[in-house]
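Novice: Dumping the structure here so I can ask a few things about it.
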Amino acid sequence: MAAALHFLLLLLLHCGSFLLILSKHAEDTATDRPTGESHAPSPAAGRVFPAGRSNTTEVPSSGFTTKSTDKPSKITTADKHETEDAGKTKERVTKKDEEKEEEGPLELECPPLGLESLKVKDNQLRASSYRRRGLGPHRGRLNIQSGIEDGDIYDGGWCAQVRDQNQWLEVDARRLTRFTGVILQGRASIWSWNLVHTYKVQFSNDTLLWRPSLNGTKEAVFIGNQNLETPVLALFNTSTVARYIRINPQSWYQNGTLGHICLRAEVLGCTVPDPNNIYPWQTAPAEPRDKLDFRHHNYKEMRKLMKSVTEACPNITRMYSIGKSYTGLKLYAMEISDNPGKHELGEPEFRYVAGMHGNEVLGRELVLNLMQFMCQEYKRGDQRIVRLIQDTRIHLLPSMNPDGYEMAFKKGSELSGWSLGRYSYEGIDMNHNFADLNSGMWNAIEVETDRSKLINHYFPMPEMYTSEEAFVASETRAVIDWMQNIPFVLSANLHGGELVVTYPYDMTKDWAPQEHTPTADESFFRWLATAYASTNQVMSNPDRRPCHNKDFRRTNNIINGADWHNVPGSMNDFSYLHTNCFAVTVELSCDKFPHVSELPVEWTNNKESLLVFMEQVHRGIKGVVRDRETEAGIADAIIKVDDIDHHIRSVSDGDYWRLLNPGDYRVTVSAEGYFPSSRSCQVMYDFYPTICDFNLTKIPRQRLIDILAKGGKLPVDLQLRLRQLRLRKLRVTTKAINQRRSSAAKLGRRV
0 MAAALHFLLL LLLHCGSFLL ILSKHAEDTA TDRPTGESHA PSPAAGRVFP
50 AGRSNTTEVP SSGFTTKSTD KPSKITTADK HETEDAGKTK ERVTKKDEEK
100 EEEGPLELEC PPLGLESLKV KDNQLRASSY RRRGLGPHRG RLNIQSGIED
150 GDIYDGGWCA QVRDQNQWLE VDARRLTRFT GVILQGRASI WSWNLVHTYK
200 VQFSNDTLLW RPSLNGTKEA VFIGNQNLET PVLALFNTST VARYIRINPQ
250 SWYQNGTLGH ICLRAEVLGC TVPDPNNIYP WQTAPAEPRD KLDFRHHNYK
300 EMRKLMKSVT EACPNITRMY SIGKSYTGLK LYAMEISDNP GKHELGEPEF
350 RYVAGMHGNE VLGRELVLNL MQFMCQEYKR GDQRIVRLIQ DTRIHLLPSM
400 NPDGYEMAFK KGSELSGWSL GRYSYEGIDM NHNFADLNSG MWNAIEVETD
450 RSKLINHYFP MPEMYTSEEA FVASETRAVI DWMQNIPFVL SANLHGGELV
500 VTYPYDMTKD WAPQEHTPTA DESFFRWLAT AYASTNQVMS NPDRRPCHNK
550 DFRRTNNIIN GADWHNVPGS MNDFSYLHTN CFAVTVELSC DKFPHVSELP
600 VEWTNNKESL LVFMEQVHRG IKGVVRDRET EAGIADAIIK VDDIDHHIRS
650 VSDGDYWRLL NPGDYRVTVS AEGYFPSSRS CQVMYDFYPT ICDFNLTKIP
700 RQRLIDILAK GGKLPVDLQL RLRQLRLRKL RVTTKAINQR RSSAAKLGRR
750 V
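Residue 124 in numbering that gives the first Met the number 0 sits at position 125 of the sequence shown; the count goes up by one each step and never skips.
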């Protein structure tokens, strides 16, 4: 008896609300009253409607239990025969919703199950029929992208084989779930136009008995899509608890024989406590150890968070702006260093750039998480973080395209679509907006036969690109100025929509659609990409599902950018050819705009990768190039590594960093007015780089020029050297004159 009481007590503690609903269900059953019909029919019963909302919960027994809400539907489409008062009520509600949308995205009662994020596995999706493997139910995921050609195994949605109103796409939630809504899209295709205009929804516990979603006493019909891409949300008038849900298309775009039933979907639902599990905390997802601000931050909230970090860690952080967006939003960056605001001799500069595409928001949140995390761990005395901050000057730019982000943010994670907010306010894709230096380099290689005359680094920007009339985004110009003012060594550009790390070149020769196009530092770029991919918890999972239309697991989740697709004018290529900085692109997740509930998991997936990649800035050699006589640093000295046809330059203080894989290298340093110097440098596997300093000797002519320019007195050694040079020149001149006289005398005797 005591054990039974203990069991009931646990159920009440952990599943109280669930038991209350079961009690209500028992009352309904005892009176033999069919649930869901106890309320008066809605005046809108049976009509087509986009959505409804309820806070009530339905719990199944052998069939279903439904509870209608007494609250008016907020988003239900007005029927033509509704009363005038009802129409006025809806008008007031619509205006209220519009005001809310201006403030921020619609707050959904329940999160997505995870069709888009792949949390829902392929074997949880079934369909009544499908046209071919590439259009199977596993492809019916919100925002999934197709291959270039229709007919391959990676098509853009689920498409039914049969065209009638009995077709369905089914989702198995694998546990009791309170379903609250559905989001629908058309098929992703550049060749076909397939979408569903209206649909019904049914629920089941066992896939044998199905009950429809009701609008009052009649089966609800929901409005679907009018185009292929825009997600359309339908919130149920009455939420329903079940394990299975089916989407049942009723009408679709008719195009003769090509009017197929095709869709992509997401399902909204809250998991229900399991009454059979008396220890629910054992199966609940683990809370992240790091106490960070896991939510989506709009511009004002981002700025507020960054300021809070500087206030919490004023000795190691500095918040600054690198410029403004087209609409005037500042491009805020965070510096994390033991000496903020100053470049320190021998300390490499690192950067993370996120939000180049405004709707690819995970990078933005990870960068904000990272600055919070580093501040917290530094204060805790975490030696790894302390060492990283002391030895590296870190710059974090969470939002390169704040204008685009604000557009996507207002729609929210599930409704922003695949491209809304991608571009700048002017409609510029900043991933193609940097100067194309590749073409000029390859043209010079084709024309010039003497390779010694070719430059392979610090390519100047074309004059037309620097003009005010050039179609260059203000955000791009700001980032270029930033790159020119700070001697970055390593960088990653954080994107979303895939799970892969790409490395330069991003642009193909001869504008081929895709072609492996390596740099001279191909091996090190592969090292960099692997450093991130191999430590990322999702990328490194061999059992993960490909995101969209390419399986990057075959290449260990890294790929040469041009081998994926041609991207002229990329930040990575520009960075490599115009500065000393090596840059890669990280595609962080299949879902460009993850739901807020998924942010803690995404931080866990990427935290180690973010730290490991930063640590690679200390891989290779570094040193200072100095004048042997004055010991002053020499700026713009050229550092050449044998067998790698890409040089770098020293910065203003004479220090340099050359990223290299472990190995033995012959390094030569040259500077204008100095004799070149060479030495061997060995790179080890250690965290710290190998120190390779160079002291250069000025050529005598340069020393003379420098001394005379200062109006100083020549030192004795230089006076002797000049006297020797003059005597040598006098001897050469005298010898030449004597030779001419001798030749003239011989010619006179002949005459």
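The beta-carbon is built from N, C-alpha and C at its ideal position, and this holds for glycine as well.
Rounded to a whole number of angstroms, what is the C-alpha to C-alpha distance between D149 and G133?
Specialist: To locate residue 149, count along the sequence shown from 1; it is residue 150. To locate residue 133, count along the sequence shown from 1; it is residue 134. So the two alpha carbons sit approximately 9 Å from each other.
Novice: Excluding the five sequence neighbours on either side, which residues of its own chain have a C-beta within less than 7 Å of the C-beta of D69, listed in chain order?
Specialist: By one-based count along the sequence shown, residue 69 stands at place 70. With a pLDDT of 36 at D69, under the threshold of 50, the predicted position of this residue should be treated as unreliable, and no value is reported.
Novice: Can you tell me whether DSSP reads M570 as helix, strand or coil?
Specialist: For the purposes of this step, residue 570 is identified with residue 571 of the sequence shown, where counting begins at 1. Of the three classes helix, strand and coil, the one that applies to M570 here is helix, per DSSP.
Novice: Give the secondary structure of I143 by DSSP, where H, G and I count as helix, E and B as strand, and everything else as coil.
Specialist: Your numbering for residue 143 matches position 144 in the sequence shown. Residue state, collapsed to three classes: coil.
Novice: Within its chain, find whatever has a CB closer than 8 Å to the CB of S679; leave out the 5 residues flanking it on each side and keep chain order.
Specialist: Within the sequence shown, the letter at position 680 stands for residue 679. Spatial neighbours of S679 in its own chain (CB-CB distance under 8 Å, excluding positions within 5 residues in sequence) are listed in chain order as D663, Y664, R665 and V666.
Novice: Would you kindly work out how many angstroms separate the C-alpha atoms of L498 and N556, rounded to a whole number?
Specialist: Working through the sequence shown from its first residue, we reach residue 498 at position 499. Working through the sequence shown from its first residue, we reach residue 556 at position 557. Approximately 7 Å, taken between the alpha carbons.
Novice: Quick check on the burial criterion: 16 or more other C-beta atoms within 10 angstroms. Buried or exposed for Q615?
Specialist: In the sequence shown, counting from the first residue as 1, residue 615 sits at position 616. Taking all protein chains in view, the Cβ of Q615 is crowded by 16 or more other Cβ atoms within 10 Å, so the residue is classified as buried.
Novice: To the nearest angstrom, how far is it from the Cα of L304 to the Cα of E425?
Specialist: Taking the sequence shown and counting its residues from 1, the one referred to as residue 304 is at position 305. Taking the sequence shown and counting its residues from 1, the one referred to as residue 425 is at position 426. Distance between the alpha carbons of L304 and E425: 28 Å.
Novice: Please report how far the alpha carbon of G185 lies from the alpha carbon of M570, in whole angstroms.
Specialist: If you number the sequence shown from 1, residue 185 lands on position 186. If you number the sequence shown from 1, residue 570 lands on position 571. Cα to Cα, the separation comes out at about 33 Å.
Novice: Count the C-beta pairs between the stretch 338 to 350 and the stretch 648 to 664 that are closer than 8 Å, then say yes if the count reaches three, no if not.
Specialist: Counting C-beta pairs closer than 8 Å gives three or more between the stretch 338 to 350 and the stretch 648 to 664, which meets the contact rule.
Novice: Let's test the definition: count the other Cβ atoms within 10 Å of the Cβ of K89 and tell me whether it reaches 16, buried, or not, exposed.
Specialist: Numbered from its first residue, the sequence shown carries residue 89 at position 90. Residue confidence is low: K89 scores 38 on pLDDT, short of 50, so the model does not pin down where it sits. Its coordinate-derived value is still stated next. Buried.
Novice: Is the number of C-beta pairs between the stretch 258 to 272 and the stretch 102 to 122 that are closer than 8 Å three or more?
Specialist: Yes, the stretch 258 to 272 touches the stretch 102 to 122.
Novice: Taking the alpha-carbon positions, what's the G416 to L527 distance?
Specialist: Along the sequence shown, one-based indexing puts residue 416 at 417. Along the sequence shown, one-based indexing puts residue 527 at 528. Cα to Cα, the separation comes out at about 31 Å.
Novice: With 16 as the cutoff for other CB atoms within 10 Å, does R245 come out buried or exposed?
Specialist: On the sequence shown, residue 245 is found 246 positions in, with the first residue counted as 1. Buried is the call here.
Novice: To the nearest whole angstrom, what separates the beta carbons of Q249 and K217, a pair I think is in contact under 8 Å?
Specialist: Along the sequence shown, read from residue 1 onward, the residue named residue 249 stands at position 250. Along the sequence shown, read from residue 1 onward, the residue named residue 217 stands at position 218. The pair is not a contact, with the Cβ atoms about 14 Å apart (cut-off 8 Å).
Novice: Could you tell me the alpha carbon to alpha carbon distance between S324 and D402, rounded to whole angstroms?
Specialist: On the sequence shown, position 325 is the one that residue 324 refers to. On the sequence shown, position 403 is the one that residue 402 refers to. If I take the Cα positions, the gap works out to 7 Å.
Novice: Measure the C-alpha to C-alpha separation of N559 and I222 and round it to an integer number of angstroms.
Specialist: To locate residue 559, count along the sequence shown from 1; it is residue 560. To locate residue 222, count along the sequence shown from 1; it is residue 223. Computed Cα separation, rounded: 43 Å.
Novice: Measure the Cβ-Cβ separation of H394 and H645 and say whether it is below 8 Å.
Specialist: Translated into positions along the sequence shown, residue 394 becomes position 395. Translated into positions along the sequence shown, residue 645 becomes position 646. No.
Novice: Just reading off the beta strand (DSSP E) that E601 is part of, what are its end residues?
Specialist: To locate residue 601, count along the sequence shown from 1; it is residue 602. Unbroken run through E601 is the alpha helix (DSSP H), L598 to E614; no beta strand (DSSP E).
Novice: What would DSSP say about H394, mapped onto helix, strand or coil?
Specialist: Position 395 of the sequence shown, counting from 1, holds the residue named residue 394. Shown here, H394 sits in a strand according to DSSP, grouped into three states.
Novice: Is P397 closer than 8 Å to L367 when the C-beta atoms are compared?
Specialist: What you label residue 367 is simply residue 368 of the sequence shown in a count that begins at 1. What you label residue 397 is simply residue 398 of the sequence shown in a count that begins at 1. Yes. Within cutoff.
Novice: Should the stretch 680 to 687 be called in touch with the stretch 373 to 383, which here means at least 3 C-beta pairs below 8 Å?
Specialist: no
Novice: Would T761 be called buried (16 or more neighbouring beta carbons within 10 Å of its own) or exposed?
Specialist: The chain is shown from 0 up to 750; residue 761 falls before or after that span and cannot be answered.
Novice: Using 10 angstroms around the beta-carbon of Y687, count the other beta-carbons present and answer buried if the total reaches 16, otherwise exposed.
Specialist: The residue given as residue 687 occupies position 688 in the sequence shown. The residue is exposed, with fewer than 16 neighbouring Cβ atoms inside 10 Å.
Novice: How is V119 classed by DSSP in three states: helix, strand or coil?
Specialist: Locating residue 119 in the sequence shown gives position 120, counting from the first residue. Coil, per DSSP.
Novice: Using the beta-carbon count (16 or more within 10 Å), is D642 buried or exposed?
Specialist: Locating residue 642 in the sequence shown gives position 643, where the first residue counts as 1. D642 comes out exposed.
Novice: Here's the rule: buried if 16 or more other CB atoms are within 10 angstroms of the residue's CB, otherwise exposed. What is R294?
Specialist: For this step, residue 294 is matched to residue 295 along the sequence shown. Counting Cβ neighbours within 10 Å, R294 comes out exposed, since fewer than 16 surround it.
Novice: Let me confirm a value: R421 is counted as buried when at least 16 other C-beta atoms fall within 10 Å, else exposed. Which label applies?
Specialist: The residue you call residue 421 lines up with position 422 of the sequence shown. The residue is buried, with at least 16 neighbouring Cβ atoms inside 10 Å.
Novice: Using DSSP's beta-bridge definition, name the partner residues of S250.
Specialist: Here residue 250 refers to the residue found at position 251 when the sequence shown is read from its first residue. In the DSSP output, where bridge partners are listed per residue, S250 has T197.
Novice: What first and last residue would you give for the beta strand (DSSP E) that runs through T759?
Specialist: With the chain represented from 0 up to 750, any question about residue 759 goes unanswered, as that position is not in the structure.
Novice: Give the single residue among V308, V583, T179 and V195 whose Cα lies nearest to the Cα of F202.
Specialist: Working through the sequence shown from its first residue, we reach residue 202 at position 203. If you compare the alpha carbons of V308, V583, T179 and V195 with that of F202, the shortest gap goes to T179.
Novice: Mapping DSSP to helix, strand and coil, what is W157?
Specialist: Counting from 1 along the sequence shown, the entry for residue 157 is found at position 158. Looking at W157 - three-state DSSP - the assignment turns out to be strand.
Novice: The beta strand (DSSP E) with I751 in it runs from where to where?
Specialist: Past the edges of the chain, shown from 0 to 750, lies residue 751, and the structure says nothing about it.
Novice: If the criterion is Cβ atoms closer than 8 Å, does the pair L361 and G495 meet it?
Specialist: The count along the sequence shown starts at 1 and reaches residue 361 at position 362. The count along the sequence shown starts at 1 and reaches residue 495 at position 496. Against a cut-off of 8 Å, the Cβ pair of G495 and L361 comes out as a contact.
Novice: Under DSSP, the alpha helix (DSSP H) around D171 begins and ends at which residues?
Specialist: Start at 1 with the first residue of the sequence shown, and residue 171 comes out as number 172. Per DSSP, D171 lies in no alpha helix (DSSP H); the unbroken beta strand (DSSP E) holding it starts and ends at L168 to Q184.
Novice: Quick check on V731: does DSSP put it in helix, strand or coil?
Specialist: Residue numbering aside, residue 731 sits at position 732 when the sequence shown is read from its first letter. Helix, per DSSP.
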